[in-house]
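One line per chain: the protein sequences are A, B, C and D, in this order. Residues 1 to 133 (our numbering) are what the first sequence spells out, left to right. Residues 1 to 133 (our numbering) are what the second sequence spells out, left to right. Residues 1 to 133 (our numbering) are what the third sequence spells out, left to right. Residues 1 to 133 (our numbering) are what the fourth sequence spells out, left to right. Don't be surprised by glycine CBs; every beta carbon is placed ideally from N, CA and C.
4 protein chains.
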Amino acid sequence: MAFVFPQNILFKHCDPAGIVFFPRYFEMINDCVEVFFDTELGFSFVEIHKYGGVPTAEISAKFSAPSRHGDKLDIRLECIKIGRASLTLEIKAICGEETRFTANSALVFVNSQGRPQSWPNDLRAALEKFKKG
Amino acid sequence: MAFVFPQNILFKHCDPAGIVFFPRYFEMINDCVEVFFDTELGFSFVEIHKYGGVPTAEISAKFSAPSRHGDKLDIRLECIKIGRASLTLEIKAICGEETRFTANSALVFVNSQGRPQSWPNDLRAALEKFKKG
Amino acid sequence: MAFVFPQNILFKHCDPAGIVFFPRYFEMINDCVEVFFDTELGFSFVEIHKYGGVPTAEISAKFSAPSRHGDKLDIRLECIKIGRASLTLEIKAICGEETRFTANSALVFVNSQGRPQSWPNDLRAALEKFKKG
Amino acid sequence: MAFVFPQNILFKHCDPAGIVFFPRYFEMINDCVEVFFDTELGFSFVEIHKYGGVPTAEISAKFSAPSRHGDKLDIRLECIKIGRASLTLEIKAICGEETRFTANSALVFVNSQGRPQSWPNDLRAALEKFKKG
């Protein structure tokens with residue numbers, strides 16, 4: 001099962017070449033992860049940031065085709081690997097039949113001192129449902 | 001020889017956890033590449049975008065330590081691979097002795113139809129000077 | 001009648017003080033106007049930008065109370081004045097009973113040379129429905 | 001005496017119409033104020049945010065001519081009114097002979113509870129030097 005986050009390409013996302021400026025994709029990725037935690041895991045970024053955080057440790061993205069103003073993307077998130085305190089996600093943006101980008105992101109669950117801490121069991125169970133088959 | 005781009009961490013770069021929000025690093029990377037083309041290669045993004053562009057095809061980054069408001073980074077750029085129409089860069093941010101991120105970015109030089117085109121010879125020669133040893 | 005644009009305050013909107021960084025409000029205002037044109041006026045920013053644009057000529061905002069990560073805003077847009085080629089909007093953000101900001105924005109409808117041009121009659125009629133009473 | 005903050009218009013600032021997207025001007029304004037406090041007042045935003053902040057209470061801007069990628073702006077800041085805990089600034093962007101925008105911004109100096117507090121005397125004295133004649 002994938003979590004799907006719809007994202008319309010707005011004026012603010014686009015550059016003078018008329019296509020999405022790639023750092024804006026990373027904002028969309030962060031928004032997608034935030035909404036995933038909030039709506040699917042019942043573990044909001046607001047709550048998490050009271051006691052720590054989920055910083056991104058590593059990320060890579062391949063931009064396979066440009067997106068233009070007005071495009072309607074589906075950003076699909078799946079869990080690749082659920083570690084003790086880490087989480088590797090695949091995040092893919094699709095417009096119609098076309099893949100626009102494929103990203104892999106590794107997050108770490110940290111406490112307020114920035115030390116990695118184990119995911120709570122119920123969160124881990126919720127993540128398992130989104131494991132890539 | 002590396003191109004060094006100084007970057008102060010400003011209020012706008014930081015998130016509620018008090019550290020740089022990672023998509024802002026990608027804006028800094030883009031700025032660094034833009035200033036590199038403009039000042040070191042004599043081939044400005046303004047000129048390039050009249051007849052095409054240099055879209056980012058792929059990028060990966062590892063964030064090894066957080067940056068905070070007020071930190072003074074040196075962003076170091078070196079050429080890893082100079083292809084016919086592509087360019088792979090290593091971009092590293094350092095604060096004092098500490099590495100904050102290491103990124104690899106692959107750009108493509110395209111014409112106004114988005115087709116890859118060969119780097120001009122003088123540009124290629126200029127890039128060679130920044131080849132990682 | 002007001003156009004209401006719901007906006008959740010996300011991690012990316014907030015600064016190290018834990019409140020919305022005010023330039024992000026201007027992005028929200030632009031998004032609100034874009035979605036208003038697209039969904040209520042049937043005159044999308046994508047279409048408009050093929051032949052010209054609707055640049056913001058003037059804007060003012062009063063930030064009456066801070067917004068925090070997780071807040072759910074309603075951004076309400078009403079037309080204050082519909083000129084020949086201009087449009088003055090009031091855009092107000094409300095969270096529960098509290099006003100977070102009140103902005104006044106003046107847009108101009110321009111052609112591809114940047115010259116002001118009259119709003120089409122059907123667009124003007126659509127705008128009238130959102131006139132502040 | 002005005003504080004002058006040079007700002008090159010970069011690729012990231014521009015929209016599909018090829019001109020600066022107006023919310024980016026507000027980021028530049030914030031950067032200008034931050035650098036002004038840091039270099040001219042000797043009172044850095046980093047220090048201020050340890051014990052409070054300087055939130056923007058009100059801002060207005062008139063965009064008199066568009067800025068394009070590659071333009072070199074001088075952003076000029078002057079103090080209009082120095083209140084007990086407030087500060088009204090005029091911030092104007094000039095490119096060659098042409099004014100690009102004129103903004104008025106009102107900041108408030110607050111403590112960690114968000115309550116207005118008096119500017120320290122030495123800061124007030126430093127601000128007086130930048131009072132608009």
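{"query": "Candidates D:Ser64, D:Ile75, D:Lys132: which alpha carbon is nearest D:Thr88's?", "result": "D:Lys132"}
{"query": "Got a sec? Which residues, its chain only, sit under 8 Å from B:Gly70 by beta carbon, not counting five neighbours each side?", "result": "Asn8, Ile9"}
{"query": "For A:Tyr51, count the other beta carbons within 10 Å of its own beta carbon; 16 or more makes it buried, fewer makes it exposed. Which is it?", "result": "exposed"}
{"query": "What does the alpha-carbon distance come out to for the pair C:Gly96 and D:Ser86?", "result": "28 Å"}
{"query": "So A:Phe22 contacts chain B; which residues on that side make the cut at Cβ distance below 9 Å?", "result": "Phe26, Asn30, Pro55, Thr56, Ile59"}
{"query": "Output yes or no for whether 8 Å exceeds the beta carbon distance between A:Glu98 and A:Ala2.", "result": "no"}
{"query": "My output table needs one value for C:Val54: the three-state DSSP class, helix, strand or coil.", "result": "coil"}
{"query": "For B:Lys50, which residues in chain F fall below 9 Å Cβ to Cβ?", "result": "Given the protein chain composition of this structure (A, B, C and D), no chain F is represented."}
{"query": "Nearest to A:Cys32 by CA position, among A:Gln117, A:His49, A:Ala93, A:Phe22, is which residue?", "result": "A:Ala93"}
{"query": "When you compare each of C:Ser60, C:Glu90, C:Glu27, C:Pro66 to A:Phe11 by their alpha carbons, which one comes out closest?", "result": "C:Glu27"}
{"query": "On the premise that C:Phe63 lies in contact with D:Glu58, defined as a C-beta separation below 8 Å, what is that separation, rounded to the nearest angstrom?", "result": "7 Å"}
{"query": "According to the neighbour-count rule (16 or more other Cβ atoms, all chains shown, within 10 Å of its Cβ), is D:Glu47 buried or exposed?", "result": "exposed"}
{"query": "Out of C:Tyr25, C:Phe5, C:Leu41, which has the shortest C-alpha to C-alpha gap to C:Pro120?", "result": "C:Leu41"}
{"query": "Decide if D:Ser112 is buried, meaning its Cβ has at least 16 other Cβ atoms within 10 Å, or exposed.", "result": "exposed"}
{"query": "State yes or no: is the beta carbon of D:Ser44 nearer than 8 Å to at least one beta carbon in chain B?", "result": "yes"}
{"query": "Taking C-beta pairs closer than 7 Å, name the residues in chain D that C:Pro16 reaches, listed in chain order.", "result": "His49"}
{"query": "What residues match up with D:Glu98 in a beta bridge as DSSP calls it?", "result": "D:Cys95"}
{"query": "If you follow the alpha helix (DSSP H) that D:Arg24 is part of, which residue opens it and which one closes it?", "result": "22–39"}
{"query": "Taking D:Gly83 as the reference, give the member of D:Arg115, D:Ala106, D:Ala17 with the closest Cα.", "result": "D:Ala106"}
{"query": "Looking at chain C, which residues of the region 62–90 of chain D have a Cβ within less than 8 Å of any of its Cβ atoms?", "result": "Lys62, Phe63, Pro66"}
{"query": "Does the beta-carbon distance from D:Ile29 to D:Ile91 come in below 8 Å?", "result": "yes"}
{"query": "Who are the near neighbours of D:Arg68 in its chain, counting only those whose CB is closer than 8 Å to its CB and skipping five residues on each side?", "result": "Ile9, Cys14, Gly18, Ile19, Val20"}
{"query": "Kindly say whether B:Lys129, judged by its beta-carbon, lies nearer than 8 Å to any beta-carbon of chain C.", "result": "no"}
{"query": "Out of B:His49, B:Thr102, B:Asp38, which one is the CA nearest neighbour of B:Asp74?", "result": "B:Thr102"}
{"query": "Can you pull the chain B neighbours of D:Phe11, defined as C-beta to C-beta under 7 Å?", "result": "Asn30, Glu34, Phe45"}
{"query": "Thinking just about the alpha-carbon of each residue, which of C:Phe109, C:Val108, C:Phe37 is nearest to the one in C:Ala126?", "result": "C:Phe37"}
{"query": "Which residues in the same chain have their Cβ closer than 6 Å to the Cβ of C:Arg76, if we skip the five residues on either side of it in sequence?", "result": "Ala2, Val4, Lys92"}
{"query": "In terms of residues, what are the limits of the alpha helix (DSSP H) holding D:Arg76?", "result": "D:Arg76 -> not in any alpha helix (DSSP H); beta strand (DSSP E) instead, spanning 72–82."}
{"query": "In its own chain, which residues sit with a C-beta less than 8 Å from the C-beta of C:Ser118, not counting the 5 before and 5 after it?", "result": "Arg84, Ala85, Phe109"}
{"query": "Just to confirm, is the Cβ distance from D:Pro6 to C:His49 under 8 Å?", "result": "no"}
{"query": "Between D:Glu34, D:Arg24, D:Phe130, D:Lys81, which has its C-alpha nearest D:Pro55's C-alpha?", "result": "D:Glu34"}
{"query": "Which partner residues of C:Ser60 appear in the DSSP bridge assignment?", "result": "C:Asn104, D:Ser60"}
{"query": "Tell me which residue opens and which closes the alpha helix (DSSP H) that B:Asp122 is part of.", "result": "121–128"}
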